[in-house]
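*Asks:* Residue numbers (this note's numbering), protein chains in the order written: chain A, 1 to 196; chain B, 197 to 392.
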DNA sequence: AGCGGAATCTTGCCATTGTAAAGTTTGAGC
DNA sequence: GCTCAAACTTTACAATGGCAAGATTCCGCT
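(1) Using DSSP with H/G/I as helix, E/B as strand and the rest coil, what is residue 40 of chain A?
(2) Secondary structure at residue 192 of chain A, three-state DSSP: helix, strand or coil?
(3) If you reduce the DSSP assignment to three classes, tell me which class residue 366 of chain B lands in.
(4) Distance, Cα to Cα, residue 283 of chain B vs residue 388 of chain B?
(5) Among A/146, A/18 and A/170, which residue has its Cα nearest to the Cα of residue 132 of chain A?
(6) With burial defined as no fewer than 16 other Cβ atoms inside 10 Å of the residue's Cβ, what is the status of residue 374 of chain B: buried or exposed?
(7) Is it buried or exposed, residue 358 of chain B, if we count other Cβ atoms within 10 angstroms and call 16 or more buried?
(8) Using a Cβ-Cβ cut-off of less than 9 Å, give me the residues of the stretch 93-127 of chain A that come near chain B, in sequence order.
(9) Between the Cα of residue 285 of chain B and the Cα atoms of B/236, B/376 and B/350, which residue gives the shortest distance?
(10) Given a threshold of 16 other Cβ atoms within 10 Å of its Cβ, counted over all protein chains shown, does residue 101 of chain A qualify as buried or as exposed?
(11) In chain order, what residues of the stretch 24-37 of chain A put their CB closer than 8 Å to some CB of chain B?
(12) Kindly indicate if chain B contains any beta-carbon less than 8 Å away from that of residue 83 of chain A.
(13) Could you say which of B/205, B/326 and B/330 lies nearest to residue 242 of chain B if we only look at CA atoms?
(14) Could you give the uninterrupted runs of the alpha helix (DSSP H) lying entirely in the stretch 119-177 of chain A, keeping only those of 4 residues or more?
(15) State whether the stretch 71-87 of chain A contacts the stretch 48-57 of chain A, with contact taken as three or more CB pairs (one from each stretch) at a distance under 8 Å.
(16) Quick check on residue 311 of chain B: buried or exposed, where buried means 16 or more other Cβ atoms within 10 Å of its Cβ?
(17) Taking a Cβ distance cut-off of 9 Å, strictly less, list which residues of the stretch 231-263 of chain B are near chain A, in chain order.
(18) Would you say residue 91 of chain A reaches chain B, if we count a Cβ-Cβ gap shorter than 8 Å as a contact?
(19) Going by C-alpha to C-alpha distance, which of B/315, B/336 and B/301 sits closest to residue 356 of chain B?
(20) List the whole-angstrom C-beta distance separating residue 316 of chain B from residue 257 of chain B, where the pair is believed to meet the contact cut-off of C-beta under 8 Å.
(21) Straight-line CA distance for residue 231 of chain B to residue 246 of chain B?
(22) Can you tell me where the alpha helix (DSSP H) with residue 54 of chain A in it begins and where it stops?
(23) Given this structure, state the Cα-to-Cα distance separating residue 371 of chain B from residue 142 of chain A, to the nearest angstrom.
(24) Pull up the distance between the alpha-carbon of residue 187 of chain A and that of residue 19 of chain A, whole angstroms please.
(25) Measuring only between beta-carbons, confirm whether residue 376 of chain B sits less than 8 Å from chain A.
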């Protein structure tokens, strides 16, 4: 017995969108599909998100918060030494991308995100800051170090969820995918300590 | 005086597609837009590419060949020592992404590419092999080194063309974008020689 | 030369999508 | 209880991808 007014349609639409994202992929995530999944009329989302970009932006903002949470969680189960912390952050970054590939794609490669949204840019900045500023308490942080870290894990995550890594691996000797990922993350950590 | 048969419509459509890509962005690249740009009816592309995926796949395949060419060109103007070669490859990789962002996006983040296409997978493999196998004449190549190289430059290129790097830079001290890119690529090269 | 088939291109059509506008129902405050 | 704004639905329209059927031109064969 659903009343005319849903009550919490905004949250329901975000939930429905993520269901679609996981089940059918990012290409199937449309305004109308989200409305169908939530059981409302196809124009209902407009009232809460304005347009498709608004829905995707809200979804991405929530995604960045969970993304940050994933890194935070890995960090919590790591020791205090800098190498272990970096490795944990890298695992969190890549692990999130593998666990939620659709959401990760939406967050990073959607042309329809509205980066002028406060919620989105704040959430994204907070997530990136975890990775780029950890261990750089001496202000200001070295941007080269920050971007090197970020580029490496981001490239690894991206190539992974696009299947390019697996595609290439089939032509090389039979290391396991997990081993390869850990290997790259190890080099990521090692590279940090080579120069101050 | 255009005859009923275009003669080389396939090539013309690819050319038109790239014009649209550069001028209006990847979102505006549709089958019908390409047909309009080439001055033919909206269903003409079907005969040459089957569907939209076919057009994008052909375009991406050509893109990967030019991508490889860009790296090759940089390599040609670099010295013989390993560090200079790697730096040149990194510059070629990132430079191509910055010069042709639309095409780069299409090549790496389009969900509609048909990777079972011989032309596409061969062209992509050839491009990646340049970066991942250079200096690894001792077979088989170390996959960890290969993927570390690839991840770093790919992540850097991706973050760059998405504007995330510039967005972050505005919050840090005023290094120039070029300096930052060169700095990351330098670390990329240095990291190579840290372990054998 | 000319004929027939095949490749090329066009026209017309349909389902889906995003978005705007107008109408309907509900609930909150007075 | 009334009013009104918010939430939601219905209707409508342009654009897209894709399919089918028809028109036009080219090529190979005799």
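Built from N, CA and C at the ideal position, the CB exists for glycine as well.
*Replies:* Taking the coordinates as given:
(1) Position 40 of the first chain, counted from the first residue, corresponds to residue 40 of chain A. Looking at residue 40 of chain A - three-state DSSP - the assignment turns out to be coil, as it is neither helix nor strand.
(2) Start at 1 with the first residue of the first chain, and residue 192 of chain A comes out as number 192. The answer is helix: DSSP assigns residue 192 of chain A an H, G or I state.
(3) For the purposes of this step, residue 366 of chain B is taken as residue 170 along the second chain, with counting starting at 1. It is coil, neither helix nor strand.
(4) If you number the second chain from 1, residue 283 of chain B lands on position 87. If you number the second chain from 1, residue 388 of chain B lands on position 192. Their backbone Cα atoms lie some 11 Å apart in a straight line.
(5) What you label residue 132 of chain A is simply residue 132 of the first chain in a count that begins at 1. Looking at the Cα atoms, A/146 is the closest of the given residues.
(6) Residue mapping note: residue 374 of chain B aligns to position 178 of the second chain, counting from 1. Classification of residue 374 of chain B: exposed, given that the 10 Å Cβ count is below 16.
(7) As a position in the second chain, residue 358 of chain B is number 162, starting the count at 1. Its Cβ being crowded by 16 or more others within 10 Å, residue 358 of chain B is buried.
(8) 105, 108, 109, 111, 112, 115, 121, 124 and 125
(9) The residue labelled residue 285 of chain B in the question sits at position 89 within the second chain. The alpha carbon of residue 285 of chain B has as its nearest neighbour, out of B/236, B/376 and B/350, the alpha carbon of B/350.
(10) Start at 1 with the first residue of the first chain, and residue 101 of chain A comes out as number 101. So residue 101 of chain A ends up on the buried side.
(11) For the stretch 24-37 of chain A, the beta-carbon criterion of a distance under 8 Å to any beta-carbon of chain B is satisfied by 25, 26 and 27.
(12) The residue labelled residue 83 of chain A in the question sits at position 83 within the first chain. Answer no: the Cβ-Cβ gap between residue 83 of chain A and chain B never drops below 8 Å.
(13) Position 46 of the second chain holds residue 242 of chain B. Measuring from the Cα of residue 242 of chain B, the nearest candidate turns out to be B/205.
(14) 143-161 and 164-169
(15) no
(16) Here residue 311 of chain B refers to the residue found at position 115 when the second chain is read from its first residue. Residue 311 of chain B comes out exposed.
(17) none
(18) Along the first chain, one-based indexing puts residue 91 of chain A at 91. Output row for residue 91 of chain A: interface = no.
(19) Stepping through the second chain from its first residue, residue 356 of chain B is reached at position 160. With distances taken between Cα atoms, residue 356 of chain B lies closest to B/301.
(20) In the second chain, residue 316 of chain B corresponds to position 120, counting from 1. In the second chain, residue 257 of chain B corresponds to position 61, counting from 1. With a Cβ gap of about 4 Å, residue 316 of chain B and residue 257 of chain B count as contacting.
(21) The residue given as residue 231 of chain B occupies position 35 in the second chain. The residue given as residue 246 of chain B occupies position 50 in the second chain. Approximately 14 Å between the Cα atoms of the pair.
(22) Along the first chain, read from residue 1 onward, the residue named residue 54 of chain A stands at position 54. Run containing residue 54 of chain A: 52-76, per the alpha helix (DSSP H) assignment.
(23) Numbered from its first residue, the second chain carries residue 371 of chain B at position 175. Numbered from its first residue, the first chain carries residue 142 of chain A at position 142. So the two alpha carbons sit approximately 10 Å from each other.
(24) In the first chain, the residue the question calls residue 187 of chain A occupies position 187. In the first chain, the residue the question calls residue 19 of chain A occupies position 19. Cα to Cα, residue 187 of chain A sits roughly 36 Å from residue 19 of chain A.
(25) Position 180 of the second chain, counted from the start, is the residue given in the question as residue 376 of chain B. True, the Cβ-Cβ gap to chain A drops below 8 Å.
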